[in-house]
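In this note's numbering, the protein residues as written are 29 to 361.
Built from N, CA and C at the ideal position, the CB exists for glycine as well.
Because the structure is a prediction, the values reported are computed rather than measured.
Working notes, beginning with the structure itself.
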Ligand code: AHM
Ligand code: MG
């Protein structure tokens, strides 16, 4: 079988952007390099002193795990060294990280990143991930500014995620379909394994943390009951699958067909997930694969971004399932 590496694929696809000079390709390459380093650390996490908490609390008020910090450092270092990125917004940093170096002074892009998604699964050998989103800067020169990140999801130039799972995979889109690459550890390269990924229009899996049931909006409670009802023509009851690593849950649903919901709860009235570096990139990928992503009412990609760590509820996955869930939301609003 002829192998196509991520690097080769990116170069081949550069012709999709005739005006581009290869900067975006190099930026994706830099992200791929950091992902391999993080994957190496995840794979031997039990053997080296990288499990557990640092004793600090991050901007989200959550315990910071050592692997979170390590992943954050690796992506920042790779993006700084690559010279194609003029600012980074990370889940782990309260403010943006402007990049002010000789190599980055003409950089066109900014990157929003969740370096290690699924933090609660780090110490227990369950899949975790990285999510990234790339925008063209709107500031004119020098290091990027916070305004560069206040662009709607529709303005993303590229987005992707990496899963550190039973195998490591990198999935990304530049708005011309979705492609997935599996890391071949024997050659240390991500290789094209899932060309032109499409998600089924309908599915039979629903993913939600039902432990929060009592705190869900009425529409979500009713939709869950709908998923559990017996109805042969629509393949109900659906299966419930929830890993607790958003990347892994959404990746599985992308492939088999399903819906992932993280709604508002009475405890988190704006939802838990972050718009900039979780929901927007995931929504871009799922839409490109033929699925849908909303906050229960509005398309995720059209939500105005006004805060770096803005939260939003998320309904994402197979089109007909998201539509159905929204019907229940509308009927109860
Ligand atoms: P994190 O970025 O701090 O790991 O939070 C995001 C994660 C998602 O990956 C996952 O789907 C969700 O939070 C799980 O939250 P909960 O434990 O509340 O179900
Ligand atoms: Mg996250």
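Requested in this report: Confirm the yes/no value for this check: CB of residue 147, any heavy atom of the ligand AHM, distance under 7 Å.
Outcome: yes
Requested in this report: With residue 309 as the anchor, note down where its alpha helix (DSSP H) starts and where it stops.
Outcome: 308 to 316
**Report entry** Completely contained alpha helix (DSSP H) runs for the stretch 235 to 313, where each covers 4 or more residues
**Finding:** 246 to 256 and 274 to 284
Query raised in the report: With 16 as the cutoff for other CB atoms within 10 Å, does residue 258 come out buried or exposed?
Result: exposed
Requested in this report: Spell out the partners DSSP gives residue 207 in its beta bridges.
Outcome: 200
Query raised in the report: Any idea if residue 89 is buried or exposed, counting beta-carbon neighbours within 10 angstroms, 16 or more meaning buried?
Result: exposed
Query - Heavy atom of the ligand AHM within 7 Å of residue 323 beta-carbon - result: no
Query - Nearest-angstrom Cα separation, counted from residue 238 out to residue 174 - result: 36 Å
Query raised in the report: To the nearest whole angstrom, what separates the beta carbons of residue 291 and residue 341, a pair I think is in contact under 8 Å?
Result: 5 Å
Report task. Could you check how far apart the C-beta atoms of residue 266 and residue 234 are, in whole angstroms? I think they sit under 8 Å. Result -> 5 Å
Report task. Under 8 Å by Cβ, that's how I've got residue 127 and residue 140 pegged, so tell me the actual separation to the nearest angstrom. Result -> Contact flag wrong, Cβ pair sits at about 14 Å.
Query raised in the report: Relative to the alpha-carbon of residue 94, which residue among 149, 61 and 55 has its alpha-carbon at the smallest distance?
Result: 149
Query raised in the report: When the distance is taken between beta carbons, is residue 99 closer than 8 Å to residue 113?
Result: no
Report task. Provide the residue span of the alpha helix (DSSP H) that contains residue 167, from first to last. Result -> Note, residue 167: premise wrong, no alpha helix (DSSP H); not H, not E.
**Report entry** alpha helix (DSSP H) runs contained entirely in the stretch 55 to 127, provided each spans 4 or more residues
**Finding:** 94 to 110
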